[in-house]
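Below is one structure; the comments refer to it alone.
Protein chains: 2
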Amino acid sequence: MTNFPKPKANLSFLISLVLFFFPQTISSLPLPRPYGLRSPQHAPRFLRKFSLSNNTGRLGAPRYRYETRYFDQNLDHFSFSDLPTFRQRYLINTEYWGGPTKLGPIFLYCGNEGDIEWFAANTGFVWELAPRFRAMIIFPEHRYYGESMPYGSWEEAYKNASTLAHLTAEQALADFAVLITELKKNFSAQACPVVLFGGSYGGMLAAWMRLKYPHIAIGALASSAPVLQFEDIVPPETFYNIVSNDFRRESISCFNTIKESWDVIESEGQKTNGLSYLTETFRFCRKLESTDDISNWLSSAYSYLAMADYPYPADFLMPMPANPIKEVCKKIDNCPDGTSIIQRIVEGVSVYYNYTGKVDCFDLDDDPHGMNGWNWQACTEMVMPTSSSKDASMFPAYDYNYTSDEEWCWENYRVKPRPTWISTEFGGHGFKHTLKNFGSNIIFSNGLLDPWSGGSVLEDISETIVALVTEKGAHHLDLRPATAEDPDWLVEQRAAEVKLIQGWLDEYFKRKRKVFDM
Amino acid sequence: MTNFPKPKANLSFLISLVLFFFPQTISSLPLPRPYGLRSPQHAPRFLRKFSLSNNTGRLGAPRYRYETRYFDQNLDHFSFSDLPTFRQRYLINTEYWGGPTKLGPIFLYCGNEGDIEWFAANTGFVWELAPRFRAMIIFPEHRYYGESMPYGSWEEAYKNASTLAHLTAEQALADFAVLITELKKNFSAQACPVVLFGGSYGGMLAAWMRLKYPHIAIGALASSAPVLQFEDIVPPETFYNIVSNDFRRESISCFNTIKESWDVIESEGQKTNGLSYLTETFRFCRKLESTDDISNWLSSAYSYLAMADYPYPADFLMPMPANPIKEVCKKIDNCPDGTSIIQRIVEGVSVYYNYTGKVDCFDLDDDPHGMNGWNWQACTEMVMPTSSSKDASMFPAYDYNYTSDEEWCWENYRVKPRPTWISTEFGGHGFKHTLKNFGSNIIFSNGLLDPWSGGSVLEDISETIVALVTEKGAHHLDLRPATAEDPDWLVEQRAAEVKLIQGWLDEYFKRKRKVFDM
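This is the structure we're talking about:
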């Protein structure tokens, strides 16, 4: 493979910008930022569109019943600046709740980087669990997402680095802590146990919350939570290696075709009329300005396909078939002999971008410079190094380059990342040791097809810090609502989670009874 | 006892303002704020004078050898505001250190509300321990105290609520975490165990740090740390009841004389020339404007006497004899028959204010409105309710009145306290439960004469969360340097601490060796 021009080679900088947005499943760790310094081209639009939406429209009628309430939060929990409070939105359902005298549990979903109604609509597991546990359900929204906007509006909150300053994980955790403490008082539910749920970044929040606020929640289900994807705790090539392996597993020739395609596309783009040819062949709505755009567009598709490589059809942003990577590779491999690599890629990627066959042309790069919540988080705390290895990855090779990421953040946000902060705050290389010695009651659930699984906890750490790993699962599949098509291993995974949560609650009740009996 | 006029009755509002400042011992939980809304009259001067001082002058030549270094800290660890960094001062000694290959421990004293050189000079225990453990010693200064001033100077840092905003315990803990992480890297000491030490508010920081950053330190000695003195976890009358009991224990008539004295002083002040008489009798340098000033002055003395009721003479701010409360009561009780209550009080309090007999007259109220670090902390996070009970306390009775404290804070700092925040962040009523289930390796050492002991942890919580309680100890006596006059119980207490710390280290080394052997 020849050297890529510099901007393209910079696939770098883990944790993109693109919200993994698809209405029928639950989110949502963003992708590693693909190619180029001006790369966050998909994300802002989805996130913004979503953040302005409510639980109708794309989502259809709300699938679950809840009340929408608001809570005044301090913008800064850890300092006493004279800042305006903001209204945190939270969704609440008490209809199944056993009440304070029966110590009815409280299930709290740690809202992550998006509209909370979307997470509520797509976290069926929590809703399905609540009646059997007689649990209250609370979905607090993450600050700076959805309706929970400081300074009164998205425009004001996202104006500049100064208004975005308080969009951090620690502040979000403190929001949850303050909210639940207050709610428990209001419901006279101080003695009721809280169980945390979260997927993706929300799973990281759930695990961290259990560690930092053990007095507030008795356990956490952290699904697809890459808590180890910081500094050099896991190798930076992990994410793209897993995506690549997902394809190689299906077909070596598919993997090879994709791996070869970057150079071919690049060469094609340099020919006279090459960009026109590519525009037409890939069916973009307007003419390409460089092949970088295709590379980004393809990288996103492959990564999303890996995250959402579910065993049954799902209606994502675009609908997808069951085992979509298998379908992509079938398309790539089964073209007639003599089909060009470019044509094979076009066919393959149509599984992701045009499964219904109804799309006439594809948009690229809708809002490359829009302010975006996760961009900000990736440019401040959530610095997750990624690279693409020369051999194991099917993506163009590139090394992690912190400096260029730092430049990007400065240029776009006027902020300097703190790449070691998350490790300092939550534990870095010693994180598993910390879990083992100071943590308890955390489930790390992962599907090995999910490229984020490589940054999560994949082995049991102790009797109560447990890894539930499914070979064929993808990104927090377990949190989705049950379906008739669920394979046995998924049914079993969820049953194991239920049993563990039941165990936490039983132990809690036993201890409480002991206190009552005394 | 008759009703006191309103301002006097408001003894209220725990956590004063007055740094418990005396050069020869180690600090330093401030006193509950005595009487009146404009009460912080002692504190600012001591603190300010001290914060501007260095390790000469009152302290004399430094008793221990260290280098003074500085570290650039983010002013806000939990948000990304575009704020200037500040230089955190820290003292370091590596001469005893075993080095990285021998996993030489790092002893970190959690600097509290004052100049770190003063804490270093008065925490002999850590210095005496270091050689036998081959430990590095680090004394980082608490932000906004001593030389560790944001915005370049005390004047700028203490200008207003906006500049003071980042003076919080969580930010201070994060300072320690970031500093030690960076230092360990620089010394290639990532594998070296850190042991935390702290007294009073510093002890609270040490305990909280062990809970919130267990990946950073293997254990904490939290001496005289009233971690439970929040909300209604312990009764608000605790502090003054203990002070009062310290006096009653010595002599019931002494206790009664003091208890009766407030009304007598008050009545005297209302007589014609009464204030002149009191000014002269108490030997104040300038004429009293109200009897409130005497009340504050006396309350402070009694509380400090209780905190520093040590078994050997110590050179405090004013030198004091061994068992000073016994001496005060002797003076009060042993006056000739017919001596007035006021005269008895004058005699008694001279043990605190004029033990050398060299003071001609006493100053009052030197800098009542000076900005003061602990005032700010008490007006934001460190809201520790206090009251004085009608029967058990020898102080004027008063109820805790949060509202008037809130008003005081608003008037003086334009800040509103968050009285439930510390409990939310670190655990409130469930704090012992949190310790038991999620904590380990913390020593809570307390002397029962210390009025702060009532807000601390006085019983073993688990095998590794241990309370070391001495009946005759006062405020973090164990952290002071050993002296020839140390009673056996103090020698034993320190030996128990050494043994526990040794145990933490042994276990750590054992675990490390296991990893090496693998």
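Listed in order, the protein sequences are those of chains A and B.
Going by my numbering, the residue at position 414 of the first sequence is 400; the numbering climbs one at a time, nothing skipped.
Going by my numbering, the residue at position 437 of the second sequence is 423; the numbering climbs one at a time, nothing skipped.
Think of the CB as a built atom: it goes at the ideal place given N, C-alpha and C, for glycine as much as any other residue.
Computed from a predicted structure; not experimentally measured.
Below-8 Å beta-carbon distance, residue i vs any chain B residue
i: Thr366 (chain A); result: yes
i: Asn423 (chain A); result: yes
i: Phe430 (chain A); result: no
i: Ser148 (chain A); result: yes
i: Glu99 (chain A); result: no
i: Thr54 (chain A); result: no
i: Arg59 (chain A); result: Arg is not the amino acid found at residue 59 (chain A); the sequence shown has Gln there. So, not an interface residue.
i: Gln256 (chain A); result: no
i: Asp352 (chain A); result: Model confidence at Asp352 (chain A) stands at a pLDDT of 49, short of 50, so the residue's coordinates are unreliable; what they give is reported in the following sentence. Not an interface residue.
i: Leu444 (chain A); result: no
i: Ala192 (chain A); result: no
Terminal residues of the beta strand (DSSP E) in which residue i lies
i: Met58 (chain A); result: Sequence inspection shows Asp at residue 58 (chain A); the Met mentioned does not correspond to that position. First-last of the beta strand (DSSP E) with Asp58 (chain A): 53 to 59.
i: Gly185 (chain B); result: 180 to 185
i: Gly433 (chain B); result: 428 to 433
i: Leu94 (chain B); result: 92 to 95
Secondary structure of residue i, DSSP reduced to three states
i: Ile219 (chain A); result: coil
i: Val443 (chain B); result: coil
i: Val452 (chain B); result: strand
i: Ala255 (chain A); result: First, the residue type needs correcting, since residue 255 (chain A) is Gly and not Ala in the sequence shown. The answer is helix: DSSP assigns Gly255 (chain A) an H, G or I state.
i: Gly334 (chain B); result: helix
i: Gly205 (chain B); result: strand
i: Arg73 (chain B); result: strand
i: Ala300 (chain A); result: strand
i: Met380 (chain A); result: coil
i: Pro305 (chain B); result: strand
i: Asn79 (chain B); result: strand
i: Phe64 (chain B); result: coil
C-beta atoms of residue i and residue j nearer than 8 Å
i: Leu94 (chain B); j: Ile166 (chain B); result: yes
i: Ala294 (chain A); j: Ala300 (chain A); result: yes
i: Leu197 (chain A); j: Phe424 (chain A); result: yes
i: Ile219 (chain B); j: Gly440 (chain B); result: no
i: Glu252 (chain B); j: Thr224 (chain B); result: no
i: Met370 (chain B); j: Phe233 (chain B); result: no
i: His128 (chain A); j: Asn98 (chain A); result: yes
CB contact check: residue i to chain A, cutoff 8 Å
i: His128 (chain B); result: no
i: Lys344 (chain B); result: no
i: Lys198 (chain B); result: yes
i: Asp62 (chain B); result: yes
i: Gly416 (chain B); result: yes
i: Pro26 (chain B); result: No answer about Pro26 (chain B) holds up, because its pLDDT of 29 lies below 50 and its placement is not dependable.
i: Glu393 (chain B); result: no
i: Leu491 (chain B); result: no
Reference residue i; option with closest CA among the options
i: Pro86 (chain B); options: B:Arg235, B:Ala121, B:Tyr386; result: B:Ala121
i: Glu156 (chain A); options: A:Cys96, A:Ser230, A:Pro473; result: A:Cys96
i: Phe417 (chain A); options: A:Phe216, A:Arg49, A:Thr154, A:Cys271; result: A:Phe216
i: Leu444 (chain B); options: B:Ala453, B:Ser375, B:Pro437, B:Ile327; result: B:Ala453
i: Met135 (chain B); options: B:Ile124, B:Asp58, B:Arg497, B:Asn309; result: B:Asp58
i: Asp161 (chain A); options: A:Glu246, A:Tyr144, A:Ala143, A:Pro126; result: A:Pro126
i: Leu486 (chain A); options: A:Cys271, A:Glu449, A:Lys496, A:Glu457; result: A:Glu449
i: Ser375 (chain A); options: A:Gly90, A:Glu411, A:Asp385; result: A:Asp385
i: Ser237 (chain B); options: B:Asp319, B:Lys257, B:Thr109; result: B:Asp319
i: Leu543 (chain A); options: A:Phe183, A:Tyr199, A:Arg75; result: What is shown of chain A runs -13 to 504, which leaves residue 543 (chain A) out entirely.
i: Ile429 (chain B); options: B:Ala211, B:Arg55, B:Gly84; result: B:Ala211
i: Lys458 (chain B); options: B:Val477, B:Ala107, B:Leu77; result: B:Val477
i: Leu77 (chain B); options: B:Asp101, B:Tyr399, B:Val213; result: B:Asp101
Enclosing alpha helix (DSSP H) for residue i [first to last residue]
i: Pro126 (chain B); result: Careful: Pro126 (chain B) lies outside any alpha helix (DSSP H), inside the beta strand (DSSP E) at 122 to 126.
i: Phe162 (chain B); result: 155 to 172
i: Tyr399 (chain A); result: 388 to 399
i: Gln363 (chain A); result: 359 to 364
i: Thr372 (chain B); result: No alpha helix (DSSP H) contains Thr372 (chain B), which DSSP labels as neither H nor E.
CB contact check: residue i to chain D, cutoff 8 Å
i: Ala163 (chain B); result: In the structure shown, chain D cannot be found, because the protein chains are A and B.
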